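Here is the structure we will look at, set down as structure tokens.
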Amino acid sequence: MWSELRGLKDEIDFGTPPRDGSPVTLDIDDVTVTVPAGSSVMLAAAKAGRAIPKLCATDMLESFGSCRICLVEIEGRGGFPASCTTPVVEGMKVKTQTETLQRLRKGVLELYLSDFPESEMADGWSEFHETLKAEGITSHPYGKGGANHFDAPVDASNPYFLFDPAKCIVCSRCVRACAEVQGTFAITIAGRSFESKVVASQEQSFFESECVSCGACVQACPSHALVEKSLFEGEYKHAEPAEA
Amino acid sequence: MPNPLKPEKSVVTTCAYCGVGCGFKAETRAGKIVRMTPWKEGKANHGHSCIKGRFAYDYYIAPDRVRTPLIRASIDDPWKPVSWQEAFDYAASAFKRIQAKYGIKSVGAVSSSRCTNEEIFLVQKFARAVLGNNNIDNCARICHSPTQFGLTNTIGAGAASQHFDSILQADVIMVVGANPTEGHPVFGSLMKRRIRQGAKLIVIDPRKTETVESAHCKADVHLAIRPGTNVAILDSIAHVVVRERLYNEEFVRARCEVNEFENWTALVGSDKYAPEVIGPLAGVDPADIRKAARMYAGGPNSAIYYGLGVTEHSQGSTGVMCLGNLGLSCGMLGREGVGVNPLRGQGNVQGGSCLGSWPHVFSGYRFVTDDETRLSFEAEWGVPLDSEPGLRLPNMLDAAVAGSFKGMYIMGEDPVQSDPNQHHVIAAMKNMECVVLHDLFLNETSKYAHVFFPGSSSLEKDGTFTNAERRVSRVRKVVEPLAGYQDWEITVKFMNAMGYNVTYNNPGEVLDEIARLSPAYRGMSFALIDRVGSAQWPCDENAPEGTEVLHRVKFPRANGLGAFMLTEYVPTSERTNDKYPLLLTTGRILSQYNVGTQTRRTPNSMWHPEDVLEINEQDAMSRGVSDGEWVKLSSRFGEIELRAKISERVNPGVVYTTFHHAKSKANAVTSDLSDWATNCPEYKVTAVDVVRVTTPTLTRVGDGEKPAIEELEPAE
């Protein structure tokens, strides 16, 4: 019951919360690994030293299965299941790095990249940037001038963090952190498909919303769309103290 | 928009705000803190945080942080910046002169729950070994001293019986006089997680707090009692437990003193505590009292969490005993998912309690009157120690007003703002010849101080904190102390200036001394904490990495049995009448912390720029008060002005405010009554009236007149 909290490690993101079921043994890329029942294939892969790329998954939140980066091949199963939402089974044989998988991941990442501001690519260090680097994705074949979210206004209403929709990949990690970790349910995804966007309360600014500024969403965001203002030099600094 | 800059270094440390004690990584760039991120391996927070710990840290570089020691001969003089040595010598000679003139016991010390265990221990050592008396108290006096007294007398240990994670195995959660979602937000989130998993929730609180109802979290029973009726309502719950035979007889027979149990059942089982009698008195539906009692006793695992709403009453200790009795009678102690747990307000209140900052006990709650204990301290400290208990803080203030108490060393406290009956505190301060204040900022109390030692924030020093679940975690230095010294060094140097020779190379050596002298901390060391992350006391050879759940086999009392205390309800003498028809109760809000010294210096004030008075629409209408208007709040003790906020959170007859802002001076109206056993002030009940005023007119004592500092460079 506690393993999803107590099994967390600071330097490792297992991708899905640790579990404490009875041991299950499986093969990930021919590496044999034993993990508790209820664990995801993603967690087993991380434990086996075969970490699978991911964007919408993080081990403080239950799996969601939306980013389609963590696809794997499982012997005896059709298709390419998402490793974050697939529980381990005794004797399972998983491949995480086949040519087909790499091609699929590349395609998905290129789609993400096509709606991410080019100017933000060079010196970024978010999980999204690191994932692109790790997968060797530096460009996309979709050209410029297509529909994008680059001009969506930045919400800098909160004195401590800002939300830049241009960098948002709509992975829902912030939404889930607000619900699962903090329990405030202040953030949601409004709209469908390309119109999907992160909104606070009833499309209010973060400051005016029910947000309690716990920082869980900022901690969860993989693309620095939600980011601490204190990390910027110049334009974004903490506001002046109220009672100097 | 550009990309953020990557932090260069990070240091794992412990948040200094509330009693949750979250683990954080303080990230720096070019020697400045650029971000605090929650530490996933922090056992109190598991990677979660709240607005205060995560974001409100910039107070440490606030322009008005005092960076130089200050002295002055009279409180009417401007401050004079001096060297550290000059300040130590000045304070030491003043204390020596006072002791020579007025006696050994004319001086004392007060430590703070904002300070580390090591600092708290050193300040009590300063009082006992250097001043030669036991005049040492700490701010737990005004918040959780009844916890110490009430729990020790029932279950044997004045501390939380559980670890926080235990709540994830609770089936019924009873929150009494606490508002964890605002006061202990990270624990509040854990509690809500459990409630979303299906646990039932009972809340006893005059106010409809966010804990009572929020998204996907609603109390099954909310007993919105009239302030001051805690003991009545808890006795009434016990009445139902006894009359309906809901208690755990097997547990009582095996683990408790049966005679006392029978005395207790006779008392609470009597007709005067029937819900039908107490319900109308406390302003709640008798059926809800029965429902709460059945729910709690039914468990199977029921856990009690309580806060200052229980302790800060004239029957605060009795209220705590009621909770101890309930836990014992229903067998809700000694395993996961149950327990009786105080939610400690400040980061290190538990440490303040544990480490001997009390006039009557050494660290580990061992009496100064006990020869064997005292001898062990004398052997370690090399000086004879006084066997007579010293003065409590309120008694020190009384003695100061009376003229027999003349000097005080106050570390990290602002009694003028935070203690009840402000007028009395000020009179006491003015009557002393040397008040040495050791703090980050000049504050309300510094107006009456003669020496100011500029302290270090928790980001600038090493040490340990003990959180509300008895967890000892490391505080690690992230940046250099702004005024040059870490707080523990300042206290040691003050001791040296007083002529007591002692040196420590680092605060780890102080913790080693604590471990040698305090049974519960025997196994604690920096090395252990560095290895396992944090450890809950008791930590000794039987539990080398600490203890999560207390009382599994027996209670830490002489015979190992739990004791039932008789908890007769005695109404407070602070009552409403025609002139003061409303009851004021006080509390805190998420974005501000305590008297606001830190949070008011951050953008957190954007959420809570001033204290407001919550008033029910009915009471507001009958007084012609509209939302946002200024009102005068008056009591038998004083009056203040603040804005009204019409709110359904309070019932008719009850008003509520916070005490985060010095300018609103909420404690100018609170009563001077206190807990019968421990002197913990009755902040939670004051008879008041509210009158609409057109514009604020009251002269605000000291408002706007910043103490002048001679030649002090304005900080960048």
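Protein sequences appear in the order of chains Y and B. For what it's worth, the working numbering labels the leading residue of the first sequence as 32, then goes sequentially. For what it's worth, the working numbering labels the leading residue of the second sequence as 7, then goes sequentially. Cβ atoms here follow ideal geometry from the backbone N, Cα and C, with glycine treated the same way. Bear in mind the structure is a predicted one, so any value in this text is a computation, not a measurement.
Query: According to DSSP, is B:Q321 part of a helix, a strand, or is it coil?; Result: coil
Query: If the cut is a Cβ gap below 8 Å, which residues of chain Y does B:E47 touch?; Result: L39, K40, D41
Query: Report the residues of the stretch 237-256 of chain Y with a CB closer than 9 Å to any CB of chain B, ordered along the chain.; Result: F238, E241, V243, S244, C245, G246, A247, V249, Q250, H255
Query: Identify whether B:P609 lies in helix, strand or coil by the three-state DSSP scheme.; Result: helix
Query: Indicate the three-state DSSP secondary structure (helix, strand or coil) for B:H557 in the structure shown.; Result: coil
Query: For a cutoff of 8 Å on Cβ pairs, would you count B:K12 as touching chain Y?; Result: yes
Query: Checking contacts by CB at 8 Å: is Y:L36 closer than that to chain B?; Result: yes
Query: For the alpha helix (DSSP H) holding B:G156, just list the boundary residues, first then last.; Result: 151-160
Query: Using a 10 Å radius around the Cβ and a threshold of 16 neighbouring Cβ atoms, would you call B:S2 buried or exposed?; Result: A question about residue 2 of chain B goes unanswered here, because the residues of chain B that appear run from 7 up to 722.
Query: Can you pull the chain B neighbours of Y:P190, defined as C-beta to C-beta under 7 Å?; Result: P609, M612
Query: Taking the Cβ atom as the reference point for each residue, do B:L596 and B:S320 lie within a distance shorter than 8 Å?; Result: no
Query: Tell me which same chain residues have a C-beta within less than 6 Å of the C-beta of B:D226, skipping the five on either side of it?; Result: K206, L207
Query: Given a threshold of 16 other Cβ atoms within 10 Å of its Cβ, counted over all protein chains shown, does B:R558 qualify as buried or as exposed?; Result: exposed
Query: Would you give the residue range spanned by the alpha helix (DSSP H) that B:G304 belongs to?; Result: 292-304
Query: Whole alpha helix (DSSP H) runs in the stretch 94-167 of chain Y with 4 or more residues, listed along the chain?; Result: 130-145, 158-165
Query: Quick check: what's the CA-CA separation for Y:A187 versus Y:D195?; Result: 8 Å
Query: Taking the alpha carbon of Y:E158 as the point to measure from, which residue in Y:D58, Y:G110, Y:C202 has its own alpha carbon closest?; Result: Y:C202
Query: Is it true that the CB of B:L252 sits closer than 8 Å to the CB of B:A299?; Result: yes
Query: Going by beta carbon distance, what residues of the same chain come within less than 8 Å of B:V694, once the five residues before and after it are set aside?; Result: Y586, L588, L589, L590, L639, S640, S641, V661, V675
Query: First and last residue of the beta strand (DSSP E) that includes B:W636?; Result: 636-641
Query: Please list, in chain order, the chain B residues whose beta carbon lies closer than 8 Å to that of Y:F216.; Result: A221, H222
Query: Quick check: the stretch 94-112 of chain B against the stretch 493-508 of chain B, are there 3 or more CB pairs under 8 Å?; Result: yes
Query: Look at the alpha carbon of B:D241 and the alpha carbon of B:A166, and state the distance between them as a whole number of angstroms.; Result: 21 Å
Query: What are the boundary residues of the beta strand (DSSP E) that includes B:M42?; Result: 38-44
Query: Between Y:L102 and chain B, is the shortest Cβ-Cβ distance under 8 Å, so that the two count as touching?; Result: no
Query: State the CB to CB distance for the pair B:V26 and B:H190, rounded to an integer number of angstroms; the pair is presumed to be in contact (CB under 8 Å).; Result: 5 Å
Query: Could you tell me which chain B residues have their CB closer than 8 Å to the CB of Y:D154, listed as they occur along the chain?; Result: N9
Query: With a floor of 3 residues, list each beta strand (DSSP E) that falls wholly inside the stretch 46-102 of chain Y, ordered by position along the chain.; Result: 54-59, 62-67
Query: Taking only runs of the alpha helix (DSSP H) that begin and end inside the stretch 75-158 of chain B, which ones reach a length of at least 4 residues, in chain order?; Result: 90-108, 123-131
Query: Relative to chain Y, which residues along the stretch 41-70 of chain B have a C-beta separation below 8 Å, given in chain order?; Result: R41, T43, P44, W45, K46, E47, K49, H52, G53, H54, S55, C56, I57, R60, F61, D64, Y65, A68, P69, D70
Query: Any contact between the stretch 193-201 of chain B and the stretch 211-227 of chain Y? By contact I mean 3 or more CB pairs, one from each, below 8 Å.; Result: yes
Query: If B:P306 sits next to B:D171, beta carbons under 8 Å apart, how far is it from one beta carbon to the other, in whole angstroms?; Result: Not really, about 18 Å apart at Cβ, beyond 8 Å.
Query: Are B:N657 and B:P212 closer than 8 Å when you measure CB to CB?; Result: yes
Query: Tell me, please, whether the stretch 228-238 of chain B touches the stretch 237-252 of chain Y by the rule of three or more beta-carbon pairs shorter than 8 Å.; Result: no
Query: Select from the stretch 193-208 of chain B all residues with a C-beta closer than 9 Å to any C-beta belonging to chain C, and list them in chain order.; Result: Going by chain labels, chain C is absent from the structure shown, which instead holds the protein chains Y and B.
Query: Can you look up B:S220 in the DSSP assignment and give me helix, strand or coil?; Result: strand
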